[in-house]
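I have placed the structure first, in the form of structure tokens, so that the comments after it can refer back to it.
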Amino acid sequence: MTHDPQAALAILAGAIGTLLEDKDLAYADPSEQAIVGRLAVLLEGKFPGWSVNVEWNRRGDVAKRLHYPLHEDDPGREAAVRPDLIVHRVGQRENLLVVEAKKAANNDFEGDIWKLKGMTEQAGAYGYAAGLHLVVDMPAGVVLRCDVYVDSAFHEGLTDWLRDQLPGPD
């Protein structure tokens with residue numbers, strides 16, 4: 256597996272599709288953490304040589320921190336970060352995917368988008384190849400939002416491509 260964002264997103268899209276078909280999850284409509292945990296299980300073995308982890312908050316023996324501006328005129332804010340799901344090589348600065356997920360009822364997106372922009376910035380501390388802001392409606396089995404970020408910016412082409420791969424609202 257190379258650092259190709261579209262190839263990585265294609266694997267992720269397959270797992271998201273399977274996740275949305277899970278009748279138990281649709282019935283129970285569990286917490287975001289349970290949904291992301293199930294997604295991680297579905298991704299195991301799909302990225303040979305990479306680790307798939309949830310709520311990973313360490314970089315070596317230090318808590319992950321991110322310093323990144325909220326907007327162009329902002330001097331930046333710093334905070335500890337704990338991404339919902341990452342695909343990475345532990346102990347190295349080889350980071351493939353970072354995912355921030357929300358359930359349909361939660362529209363508090365600002366922090367997630369800040370995190371995705373900062374963690375995908377190639378000149379930054381983490382340099383993930385791609386970030387995904389994913390919003391799912393488990394009972395309906397659809398993706399309401401799947402915005403892709405590459406090098407700290409919204410990537411329209413990959414976002415449109417990914418939307419075509421996933422079940423959305425009618």
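Sequential numbering from 256 applies to the sequence shown in the numbering used here.
A virtual CB, placed ideally from N, CA and C, is assigned to each residue, including glycine.
None of the values given here were measured: they were computed from a predicted structure.
For residue i, the residue or residues it bridges with in DSSP
| i | result |
| --- | --- |
| His388 | Glu355, Asp402 |
| Leu321 | Ala334 |
| Glu349 | Arg344 |
| Ala281 | Paired residue(s): none; Ala281 is not in a bridge. |
| Ala408 | Val405 |
Of the residues the options, the one placed nearest residue i, counting alpha carbons only
| i | options | result |
| --- | --- | --- |
| Pro422 | Ala378, Asp406, Leu351, Arg400 | Arg400 |
| Val398 | Val405, His388, Ser407, Asp406 | His388 |
| Glu276 | Pro260, Leu297, Ala262, Gly379 | Leu297 |
| Gly346 | Gly304, Ala335, Lys278 | Gly304 |
| Val336 | Ala380, Ala295, Leu294, Glu299 | Ala380 |
| Trp369 | Ala360, Asp284, Asp406 | Asp406 |
| Lys295 | Trp416, Ala270, Tyr404, Gln377 | Lys is not the amino acid found at residue 295; the sequence shown has Ala there. Selected option, being the one with the closest Cα: Ala270. |
Beta strand (DSSP E) segment containing residue i, residue limits
| i | result |
| --- | --- |
| Leu340 | 340-344 |
| Val307 | 306-309 |
Status (buried if at least 16 other CB within 10 Å, exposed otherwise) for residue i
| i | result |
| --- | --- |
| Glu411 | exposed |
| Asp367 | buried |
| Pro424 | exposed |
| Lys372 | buried |
| Ala268 | buried |
Sequence-distant residues of the same chain with beta carbon closer than 7 Å to residue i, five excluded per side
| i | result |
| --- | --- |
| Ala281 | Met393, Pro394, Gly396 |
| Gly292 | Val309 |
| Arg418 | Cys401 |
Beta-carbon contacts of residue i that lie in its chain and below 6 Å, excluding the five residues immediately before and after
| i | result |
| --- | --- |
| Ile341 | Asn308, Trp311, Val353 |
| Ser286 | none |
| Tyr383 | Asn350, Val353, Met374, Thr375 |
| Pro338 | Val353 |
| Gln377 | Asp406 |
Cut-off 8 Å between Cβ atoms - residues of its own chain near residue i, not counting five sequence neighbours on either side
| i | result |
| --- | --- |
| Ile290 | Leu274, Leu280, Ala356, Lys358, Val391, Met393 |
| Leu197 | The structure shown has nothing for residue 197, since the chain only spans 256 to 425. |
Opening and closing residue of the alpha helix (DSSP H) in which residue i lies
| i | result |
| --- | --- |
| Asp419 | 411-420 |
| Arg293 | 287-298 |
| Gly366 | 365-375 |
| Pro260 | 260-275 |
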